[in-house]
Amino acid sequence: MNLRQPNKDRYLNFYFQVHQPRRLGQFSFFDIGTDRDYFDDGLNQIIMRRIAKECYQPTNLLLLKLIGKYPQIRITFSISGVALKQMERFAPAVIESFRMLAATGSVEFLSETYYHSLSALVSPEEFVAQVQLQNKKILELLGVRPTVFRNTELIYSDEIGRIVRDMGFDGILTDGLDDLLKHRSPNHLYEHPANNGLRLFFRNYTLSDDIAFRFVQKKMKTWPLTPEKYIQWLESITEKKDLITLGLDYETFGEHQKKETGIFQFLEGLFATVARHKKYRMITPSEAIALLPPVDSFSIPNLISWADEERDLSAWLGNEMQQDAFETIKELEPVVKKTGNPVMLNTWRYLQTSDHLYYISTKKGEDGNIHNYFSPYPSPYEAFMNYMNIVSDFSLRLNNYERAQALDPTGREKNTQILVT
Amino acid sequence: MRVLMFGWEFPPHISGGLGTACFGLTQSLAKRNIHILFVAPKANDHTPFKGVDVISASNIPVPLLSAKKNLSAISGKGEQKIEKKENSSKLISITVPAEILPYFSSDSQFNETTIEQWNYQFNVGRSGASLEKDAKAQVRYPFTGGYGSRLLDEVKLYKEVAGEIARENSFDIIHAHDWSTYPAGIEAKKISGKPLIIHVHATEYDRAGENVDQRVYEIEQSGMQKADRIIAVSQMTKDTITSRYHIPPIKVNVVHNGVAPKKNSSCAAMPQLGNKVVTFLGRITQQKGPGYFVEAAHKVLQRFPEVHFIMAGSGDLLPKMIERVASLKISSHFHFTGFLSSTKVDQIWSISNIYVMPSVSEPFGIAPLEAVMAGVPVIISNQSGVSEVVHHAIKVDFWDTEALASAICNLLAYKSLTNTIRKKSEVEIKKINWDRAAKKINTIYHELTTTK
Chain C
1 MNLRQPNKDR
11 YLNFYFQVHQ
21 PRRLGQFSFF
31 DIGTDRDYFD
41 DGLNQIIMRR
51 IAKECYQPTN
61 LLLLKLIGKY
71 PQIRITFSIS
81 GVALKQMERF
91 APAVIESFRM
101 LAATGSVEFL
111 SETYYHSLSA
121 LVSPEEFVAQ
131 VQLQNKKILE
141 LLGVRPTVFR
151 NTELIYSDEI
161 GRIVRDMGFD
171 GILTDGLDDL
181 LKHRSPNHLY
191 EHPANNGLRL
201 FFRNYTLSDD
211 IAFRFVQKKM
221 KTWPLTPEKY
231 IQWLESITEK
241 KDLITLGLDY
251 ETFGEHQKKE
261 TGIFQFLEGL
271 FATVARHKKY
281 RMITPSEAIA
291 LLPPVDSFSI
301 PNLISWADEE
311 RDLSAWLGNE
321 MQQDAFETIK
331 ELEPVVKKTG
341 NPVMLNTWRY
351 LQTSDHLYYI
361 STKKGEDGNI
371 HNYFSPYPSP
381 YEAFMNYMNI
391 VSDFSLRLNN
401 YERAQALDPT
411 GREKNTQILV
421 T
Chain A
422 MRVLMFGWEF
432 PPHISGGLGT
442 ACFGLTQSLA
452 KRNIHILFVA
462 PKANDHTPFK
472 GVDVISASNI
482 PVPLLSAKKN
492 LSAISGKGEQ
502 KIEKKENSSK
512 LISITVPAEI
522 LPYFSSDSQF
532 NETTIEQWNY
542 QFNVGRSGAS
552 LEKDAKAQVR
562 YPFTGGYGSR
572 LLDEVKLYKE
582 VAGEIARENS
592 FDIIHAHDWS
602 TYPAGIEAKK
612 ISGKPLIIHV
622 HATEYDRAGE
632 NVDQRVYEIE
642 QSGMQKADRI
652 IAVSQMTKDT
662 ITSRYHIPPI
672 KVNVVHNGVA
682 PKKNSSCAAM
692 PQLGNKVVTF
702 LGRITQQKGP
712 GYFVEAAHKV
722 LQRFPEVHFI
732 MAGSGDLLPK
742 MIERVASLKI
752 SSHFHFTGFL
762 SSTKVDQIWS
772 ISNIYVMPSV
782 SEPFGIAPLE
792 AVMAGVPVII
802 SNQSGVSEVV
812 HHAIKVDFWD
822 TEALASAICN
832 LLAYKSLTNT
842 IRKKSEVEIK
852 KINWDRAAKK
862 INTIYHELTT
872 TK
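Below is the structure:
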């Protein structure tokens, strides 16, 4: 890998987020206490196969082709563990093409929480455990060890940065909010205020959303967006040594924006243009850390994220129902861990996936529309009821398990079999 | 802009949502500098607020000849008394006799002398009217303004009166609410040449299911065909108008109803039935789906044995409901109140924790909005027009008693759900007002009067 390309002194990091939640099945109040399954894996299979066909597979193949032509291309992925697991089960060809991307040496994979959860808010122990599971999964499937982290929906604070550094990561991605940055530019590498060596990457959300949201909006003055137009924007804002981090849902390509919109041609044109550009060099986070010194330290005392207008946690914990649901699942931690039952633990963690809470949002307007777009439920109330019925059932299972344990501590294995099949 | 408006109900003579709707709508239209001459079959001529004159059709004299012709068609009904009063006020309301059930049921036990439906004041029995000649050989019909068995006769007489009113008054547009006034609207259009809007608050399919009264259907369809524009109270109603009455969709505008802010009325305390009360409030007829409420109650009681259920209202299915509740052995937790006055309704809201409207077909449905105003979270069927405008409610399909019961259980089990729905719906309901409806209707008025 050639790190010295002397004429290129502006850096571009393309980061794509890949995630599919394991969606829950219909669970009525009267299903509580029955042995009904929590997850609708029939639906999950349908969705995973559709998105694999329309997005993951064609985009992966396009990127492989581009990397073959332009080896200087660099791409960063973060793929949630729950998405990887569903690809393994329902669309193994996608795992194969990600493995091929990993093998090019032009692609970096980040770490995150396996369950795409808010576990950073549950407890540090739980957070760390879920990150370790993710590292293990990435190594097992893709053969790489991530050195840079991104938390669920770019949720970040100084405290999260500290834990992440303690786990040994060199850098973390979060969102470059105007309010937070004030007059500072998101287009640099920063470092954690504790001077612990953790580098901070700020996503340039404006340039990211130009592709993720505004590409298809015909009412925009800039429509249609072309690679040439986009490069001009880049050129107009960046200076020497600038590092631009662009972060978007990978599903932008072919799923949120269907192939008929021309999004694939745009992506191909953009990568080809950037790769040949005399000033821009594509870079991965770990390359950037090796090459670029941090310009400053940056403190973020309160939790931020990349979601909604507010860019805080209100997308998941904005109303009373969301807080109730999250507190309920959070409080189960000691009980679940006391059982020592891996199936119970796994189920509890699946219930932590942030999407379940996201569907319960009662926000209106643009953000509300985005919540609705992703939600399989007709309203936040259905989402809440369904989730809480499952959590209630899960609590009941836990209680029954505990009681059975107390009566017959030696029958632990047997009980596990009965309770969690 | 002057509007000649025909409506079968106007407060204080109201039987259901129609009168409330006419009141709320005219009030908001009046604020937009629209002058309304509101003709009710039976009313006291008065001006409820500036810009609206209510006139009673019962007070309008029609030529004796024409009256005789009409009355002879209605054999054995005796003479009709018709008077004219000088009307000095600006708002005019006119009254006409009516005894057909708009919500007529084919159930034989449901006859005019036993009708006592929730929120409906029926004029039962004969109107005892006498036809009086006056000096100028004119007569007045004393309309009952109800929905008794003579409704169809009264509809014809009302049309006659409408013709007279159209001759005597100047106006720019005609607006007729629901089928019993469509013939009047058509007559007024014929005489004046002014554009006609018919406003569909319900169709025969909503009231009667598949057992439609062909006569009523024909009146509805003819009104829809002859109208220059149709206003439907929901998309659901628009769909019925286009699919069942074969009207081109372009002719139909959806204008959702509103609800007027409630005045803080203190009501007498109700005895506490238990910790939690789940309420059904409406006519106990097939349209309102009371049976689904009973089945859901039975399911809920298996999980929450302490909950109490109230079925408030009256209707032809009441005996059947009582029998079903008894056979399910849940009578100790399931209460029937019979017909309730509006103060009693307030009392019911004050003790209710959940309101359920499992209607099979509800063109709009104002009761859930009243529940929301009273701070009661609501569960409504997807088969209701109101579900198009209320987002902060739980919605189920009327037939899905399992989902309905589950929703009730969820509201009982999770306080955060109840709190969120209550808070959000109280904010939302402020936007579901008559001013919004009046604004849309005003636009339609201008479209019709400028293109003509």
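In order, the protein sequence lines correspond to chains C and A.
Those letters in the first sequence? Residues 1 to 421, per this note's numbering, in order.
Those letters in the second sequence? Residues 422 to 873, per this note's numbering, in order.
Where a beta carbon is used, it is the ideal one built from N, C-alpha and C, also for glycine.
Look at the alpha carbon of residue i and the alpha carbon of residue j, and state the distance between them as a whole number of angstroms.
i: Tyr-866 of chain A; j: Ser-753 of chain A; result: 54 Å
i: Arg-745 of chain A; j: Asp-821 of chain A; result: 18 Å
i: Lys-611 of chain A; j: Trp-600 of chain A; result: 17 Å
i: Leu-407 of chain C; j: Lys-330 of chain C; result: 27 Å
i: Asp-649 of chain A; j: Ser-449 of chain A; result: 23 Å
i: Ser-548 of chain A; j: Arg-571 of chain A; result: Confidence is the limiting factor: at Ser-548 of chain A the pLDDT is only 39, short of 50, which leaves the residue's position unreliable and the question unanswerable from this model.
i: Lys-241 of chain C; j: Asp-210 of chain C; result: 23 Å
i: Tyr-638 of chain A; j: Ile-862 of chain A; result: 25 Å
i: Ile-263 of chain C; j: Leu-396 of chain C; result: 48 Å
i: Lys-844 of chain A; j: Pro-798 of chain A; result: 9 Å
i: Leu-419 of chain C; j: Leu-332 of chain C; result: Residue confidence for Leu-419 of chain C is low, a pLDDT of 42 falling below 50, so the modelled location carries little weight and cannot support an answer.
i: Phe-531 of chain A; j: Ile-618 of chain A; result: The pLDDT assigned to Phe-531 of chain A is 33, lower than 50, so where the model puts this residue is not dependable; a value taken from the coordinates is nonetheless given after this. Cα to Cα, the separation comes out at about 33 Å.
i: Arg-74 of chain C; j: Lys-137 of chain C; result: 22 Å
i: Ile-651 of chain A; j: Gln-352 of chain C; result: 51 Å
i: Lys-338 of chain C; j: Pro-58 of chain C; result: 45 Å
i: Leu-63 of chain C; j: Arg-203 of chain C; result: 21 Å
i: Phe-16 of chain C; j: Met-657 of chain A; result: 43 Å
i: Ile-640 of chain A; j: Val-633 of chain A; result: 12 Å
i: His-719 of chain A; j: Phe-757 of chain A; result: 15 Å
i: Val-295 of chain C; j: Leu-110 of chain C; result: 23 Å
i: Lys-741 of chain A; j: Ile-435 of chain A; result: 27 Å
i: Leu-303 of chain C; j: Asn-774 of chain A; result: 37 Å
Anyone know if the C-beta pair for residue i and residue j falls short of 7 Å?
i: Trp-855 of chain A; j: Gly-445 of chain A; result: yes
i: Ala-859 of chain A; j: Asn-678 of chain A; result: no
i: Leu-173 of chain C; j: Phe-213 of chain C; result: no
i: Thr-284 of chain C; j: Thr-76 of chain C; result: yes
i: Thr-661 of chain A; j: Pro-670 of chain A; result: no
i: Ala-464 of chain A; j: Tyr-579 of chain A; result: no
i: Glu-585 of chain A; j: Val-483 of chain A; result: yes
i: Glu-268 of chain C; j: Cys-55 of chain C; result: no
i: Leu-761 of chain A; j: Ala-733 of chain A; result: yes
i: Val-82 of chain C; j: Arg-22 of chain C; result: yes
Can you tell which of the options has its C-alpha closest to the C-alpha of residue i?
i: Arg-349 of chain C; options: C:Gln-26, C:Ala-103 and C:Glu-126; result: C:Glu-126
i: Glu-625 of chain A; options: A:Arg-571, A:Val-582 and A:Ser-782; result: A:Ser-782
i: Phe-730 of chain A; options: A:Ser-763, A:Val-699 and A:Ile-787; result: A:Val-699
i: Asp-37 of chain C; options: C:Ala-272, C:Leu-142, C:Ile-138 and C:Thr-347; result: C:Thr-347
i: Glu-631 of chain A; options: A:Lys-659, A:Asn-696, A:His-620 and A:Arg-665; result: A:Arg-665
i: Gly-695 of chain A; options: A:Gly-759, A:Thr-658, A:Asp-737 and A:Ile-772; result: A:Ile-772
i: Gln-707 of chain A; options: A:Asp-737, A:Ala-717 and A:Ala-733; result: A:Asp-737
i: Ser-32 of chain C; options: C:Gln-405, C:Leu-398, C:Ala-404 and C:Lys-69; result: Inspection of the sequence shows that residue 32 of chain C is occupied by Ile rather than by Ser. The shortest C-alpha separation from Ile-32 of chain C is found at C:Leu-398.
i: Arg-403 of chain C; options: C:Lys-65, C:Glu-235, C:Val-335 and C:Gln-20; result: C:Val-335
i: Ala-834 of chain A; options: C:His-19, C:Arg-22, C:Ser-28 and C:Ser-106; result: C:Ser-28
i: Lys-750 of chain A; options: A:Val-715, A:Pro-784, A:Ile-668 and A:Ala-605; result: A:Val-715
i: Phe-253 of chain C; options: C:Asp-35, C:Leu-317 and C:Ile-51; result: C:Ile-51
i: Gly-712 of chain A; options: A:Pro-462, A:Ile-607, A:Asn-480 and A:Phe-819; result: A:Phe-819
i: Ala-681 of chain A; options: A:Ala-461, A:Val-460, A:Met-422 and A:Lys-852; result: A:Lys-852
Look up residue i in the DSSP assignment and give the residues it is bridged to.
i: Tyr-11 of chain C; result: C:Leu-243 and C:Arg-281
i: Ala-733 of chain A; result: A:Leu-702 and A:Gly-759
i: Gly-171 of chain C; result: C:Val-148 and C:Arg-199
i: Tyr-776 of chain A; result: A:Thr-700 and A:Val-799
i: Ser-805 of chain A; result: A:Glu-783
Beta-carbon of residue i versus every beta-carbon of chain B: anything under 7 Å?
i: Asp-40 of chain C; result: The displayed structure is made up of protein chains C and A, and chain B is not among them.
What residues in the region 592–624 of chain A have a beta carbon less than 8 Å from any beta carbon of chain C?
none
Taking beta-carbon pairs under 8 Å, can you tell me which members of the region 2–36 of chain C lie near chain A?
Ser-28, Phe-29 and Phe-30
Name the residues in the region 808–828 of chain A whose C-beta lies less than 9 Å from a C-beta of chain C; which are they?
His-812, His-813, Ala-814, Ile-815, Lys-816, Glu-823, Ala-824, Ala-826, Ser-827 and Ala-828
Chain C contacts from the region 837–861 of chain A (Cβ-Cβ distance under 9 Å)
Ser-837, Leu-838, Asn-840, Thr-841, Ile-842, Lys-844 and Lys-845
Select from the region 384–406 of chain C all residues with a C-beta closer than 8 Å to any C-beta belonging to chain A, and list them in chain order.
Phe-384, Met-385, Met-388, Asn-389 and Ser-392
Please name the residues in the region 362–374 of chain C whose beta-carbon is closer than 7 Å to at least one beta-carbon of chain A, in chain order.
Thr-362
Taking only beta carbons into account, state which residues of the region 304–318 of chain C come closer than 7 Å to chain A, listed in chain order.
none
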